[in-house]
Amino acid sequence: MDNEIYDPLRRKNVRRTPEEEVRQSVIAWLNRELGTPMTLMVSEYGFVFNGRQYRADIVVFDRSLNPLLLVECKAPSVAIDRSVIEQAMRYNRVLSVKYILVTNGNTSYLCSRDAASGEFRFTAEVPKYEEMLQQ
224 MDNEIYDPLR
234 RKNVRRTPEE
244 EVRQSVIAWL
254 NRELGTPMTL
264 MVSEYGFVFN
274 GRQYRADIVV
284 FDRSLNPLLL
294 VECKAPSVAI
304 DRSVIEQAMR
314 YNRVLSVKYI
324 LVTNGNTSYL
334 CSRDAASGEF
344 RFTAEVPKYE
354 EMLQQ
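Residue numbers (this note's numbering): 224 to 358.
Set out below in structure tokens:
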């Protein structure tokens, strides 16, 4: 069992990889620290873009089940660079979230969509779930 880790969102053990460890720590952090309900998070969220199947690492939904936050997780050895940010932005063309978080467990970047312009801007901290709903 040491090569597996429990995913509470998928309700099963999954293969333990460095990326999966980051994903599971983010899920726990979103729930414990930000008050995000487990029932409004999905890991490995599948969707189609330009005829191809993709999977977002974590998607948080609002209470009307609209995507609110997209989280892209990488292994700690993977640098969070322009290509990772662009991957998340591509996913967002389908998901249309207010917030995008990319992390490798060591380095994290959060972007929030400006309501007036629709443009994303880097922000310093991730708001609590209730605050995300209000903004």
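A virtual CB, placed ideally from N, CA and C, is assigned to each residue, including glycine.
- Per the Cβ contact rule, the region 269-278 is not in contact with the region 292-304 (fewer than 3 Cβ pairs under 8 Å).
- The beta carbons of Thr326 and Cys334 sit no closer together than 8 Å.
- Rounded to whole angstroms, the separation of the alpha carbons of Asn236 and Val307 is 26 Å.
- Between the alpha carbons of Arg286 and Tyr352 lies a gap of roughly 11 Å.
- The DSSP-derived three-state label of Gln358 is coil.
- In the three-state scheme derived from DSSP, where H, G and I count as helix and E and B as strand, Val317 is classed as helix.
- Ranked by how close their Cα comes to the Cα of Arg336, the residues Asn329, Leu288, Met312 have Met312 in first place.
- Residues Val282, Phe284, Leu318, Ser319, Val320 of the same chain have their beta carbon placed closer than 7 Å to that of Pro290, with the five preceding and five following residues left out of the count.
- If you ignore the 5 residues before and after Tyr332, its C-beta comes within less than 8 Å of the C-beta of Ile303, Ile308, Leu324, Val325, Thr326, Phe345, all in its own chain and listed in chain order.
- Each residue's CA atom was taken as its position, placing Ser248 and Leu257 some 13 Å apart.
- For the pair Glu342 and Cys296, the CB atoms are not nearer than the 8 Å cut-off.
- Excluding its 5 nearest sequence neighbours in each direction, Asp230 has C-beta neighbours in its own chain below 7 Å: Val237, Gln247, Ser266, listed in chain order.
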